[in-house]
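Presented below is the structure to which this report refers.
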Amino acid sequence: MLKSKIAIDYLMKRKLNKDTVLKYQLGYAPNEWTALKDYLLSKGYNEEFIIRAGLAKRKEGKDSSYDTFRNRLVFPIVDSHNHVLGFSARSLDNSMPKYLNTSENIVFKKRELLFGYNIYKKEADRDKILLVEGNIDVMSLYQAGVNYAVANLGTAFTINQANLLKRNAKKIYICYDGDKAGKNATHKAIEILRSIDAKSNVVTLPEGLDPDDFIKKYGLAGFTAKLNEAKNSVEYEVSELMELYDVNDPESLLQLINEISNLLSKINDKIEREIYIDYISRVYSIDKSLLTNQVSKTKYVNKYKEKYTVPEVPKIKKLDIEIIDENLLIYALADIKYFKYINKEISIDNYSKVFKINMPLLKSKYEGNADIELDDFDIADKENALLEIDSIRKKSEESAYTNLKELLEKREKLKSKNYVSDLLSQISDGKGDAMELLKLIKKHRDNE
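Just so you know, the sequence shown maps onto residues 1 to 448 in UniProt numbering.
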C-alpha cells in the first residue's frame, strides 16, 4: 500500500503517520477488476473460496467474478485473537457507497464486530471504552494518545456490539459526530445500551466536527477536557430536551414534563430514578411533585398499555410491512422500470427501514454506479433474492405489474391498520382523536 500514490496522498491529507497505518494494518485495493483475485489464484486458492470469503463477487448471470474492493483504502477487521475476519474499505474517488464491508459469511458478522477492538483489548487499561462512528476517528485518536476507541463499522450500532462494550469496560463513552445525524445516532446507541442495563456517557463535540477533526484541532488536552465534561446518558438526554421546549410556556412545559417522564420511567432502579427526579427539578426549576406524579403515571401506563387494547383493532407488526417492502425491493432490483414505478408510488416519508437502507443505494446503481451489486444491499437471503430476480425478469410485464399493484395495495392496508393502532395507543394516553379513530375503523372495514 505504501507504494500507492493515491492512498499515500489520502493518508497524508488525514495526517495519519506511517506507524499508525502499520499498527492498523491498512492496505490498498488497486483500481483493477481482478488484481486480488488473480493474486490469490496464483497462490493456490480456488475462485469459489475467494467469493465465499467476500473478496470477489460473481457477475450476475455469469460464471466469471471480479474483486469486491477496487480503488479503496482497506481496513482489516481483527478480533481479539488477532484473526482477520473481514474488511471495511473506504472509497478514494468519492464513488458510492463511501464504505464497503466484506459480505457476511461464517466468520465475518459485522453486527458483532468493532473496528479497533483488537488494539483496545491488547493496550487499553479496560477502565473505559470510547465508541465513535468512523475507522479514521479511531486511528486519529490512537495517534494522539487515546488507545481506547472503537468504531461500529459504519453501520447502525447493534445490541451485539453493545454487549461487547459492556463486557469489556467499566465506563462506556459515546462520541459521535456533532451534527444532527450524529445526535440521532447517539440517542439510538443510548437506547440500545439501556436495553441491556448498560450505563453510558456522552462526549459532546461542537457542531460540524467529528472526533478526527476535533483531535487534530485541539489535541489530546482538548479531547481529555471534553471527556471529563461528558454527561451521563440521562443528563445528556434531558439537556437535549431542554433545548427543544420553553419552560415559561405552559403547553411547552407540559410536553417537556411528558418527555422527561417517559425517559425516567425507563430507569428500573427506584432510588436512581428518585435521584434524577430530584436533580432535574433542582437544576431546571421544574416542580418536583409534578414530575414525580407524571413519572409514576407514565410507568403505570407503560406497564398496562398492552392489557387495555381493543381486540377488534389488533396491532400489526411493523415487520409485516418490511416483509412486503423486501418483496418490492426485489422487483426494484430486477428492472429500472419497476424501481421507477415503486419510487413513484411510495414517498420517502413512507419508507420502511428496508427502503431507508436500500433505496439510496439502488438509486445510485441506476444512475450509473456499476460497482454496486446485489451483495451490497441489506438482504438477508441473497441466494433466494437472485432466484426471485431471475423469475421476475422472465415474467410478462403485465403479470409483473399486477403483482406489484397487489403488493402496494396490501402495504397500504397494513399501514392503515398500523395507523389505527397507533392512534388507539395515543387515545389511551389522552392524546388521540377518538372521532378520527372511528372514521378510520369504518374505512378499514369498508375496504375489507
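Heads up, the beta-carbon is just placed ideally off N, CA and C, and yes, glycines get one too.
Query: Per-residue DSSP class, three states only, for Tyr300; Result: helix
Query: Check whether Leu73 and Leu11 have beta carbons under 9 Å apart; Result: yes
Query: Spatial distance of Ser391 from Ala334 (CA atoms); Result: 9 Å
Query: DSSP state of Phe339 mapped onto helix, strand, coil; Result: helix
Query: Residue burial classification, Lys5 (beta-carbon count within 10 angstroms, cutoff 16); Result: exposed
Query: Integer Cβ distance of Ile280 from Val238, believed to fall under 8 Å; Result: 6 Å
Query: Leu130 - containing beta strand (DSSP E), residue span; Result: 128 to 132
Query: Cβ-Cβ distance between Tyr236 and Asn201 below 9 Å; Result: yes
Query: Pick from Arg282, Ile215, Leu241, Ile196 that is closest to Lys183, judged by C-alpha positions; Result: Leu241
Query: Val74 in three-state terms, based on DSSP; Result: strand
Query: Helix, strand or coil at Asp210 [DSSP, three-state]; Result: coil
Query: Cβ distance (whole Å) where Ala181 is taken to contact Arg126 below 8 Å; Result: About 30 Å; that fails the 8 Å criterion.
Query: Under the three-state DSSP convention, the category Val283 falls into; Result: helix
Query: Beta-ladder partner(s) of Asp67, from DSSP; Result: Ala56
Query: Contact under 9 Å by Cβ, Ile379 with Leu329; Result: yes
Query: Check: Phe157 C-beta below 8 Å from any heavy atom of the ligand ADP; Result: This structure lacks the ligand ADP; in fact it carries no ligand of any kind.
Query: Close Cβ partners of Val107 (< 6 Å) along its chain, the five nearest in sequence each way excluded; Result: Leu85
Query: Inter-residue spacing [alpha-carbon to alpha-carbon] between Pro97 and Phe69; Result: 11 Å
Query: Counted within 10 angstroms of its Cβ, other Cβ atoms place Lys3 as buried (16 or more) or exposed; Result: exposed
Query: Given 8 Å, three or more beta-carbon pairs between the region 41 to 54 and the region 156 to 165; Result: no
Query: Sub-9 Å separation of Asp210 and Gly178 beta-carbons; Result: yes
Query: Exposure of Asn135, with buried meaning 16 or more beta-carbon neighbours within 10 Å; Result: buried
Query: Contacting residues, own chain, Cβ-Cβ under 6 Å from Glu112 (five flanking each side not counted); Result: Asn160
Query: Proximity to Val203 [Cα-Cα], best of Ile172, Asp269, Glu191, Phe75; Result: Ile172
Query: Beta-bridge pairing of residue 449 - partner residues as DSSP gives them; Result: Outside the displayed span of the chain (1 to 448) sits residue 449, for which this structure offers no information.
Query: Nearest residue (CA-CA) to Tyr66, options Ile389, Ser233, Asn31, Ile77; Result: Asn31
Query: Candidates Glu367, Leu114, Glu345, Ala151: closest to Glu409 by CA position; Result: Glu345
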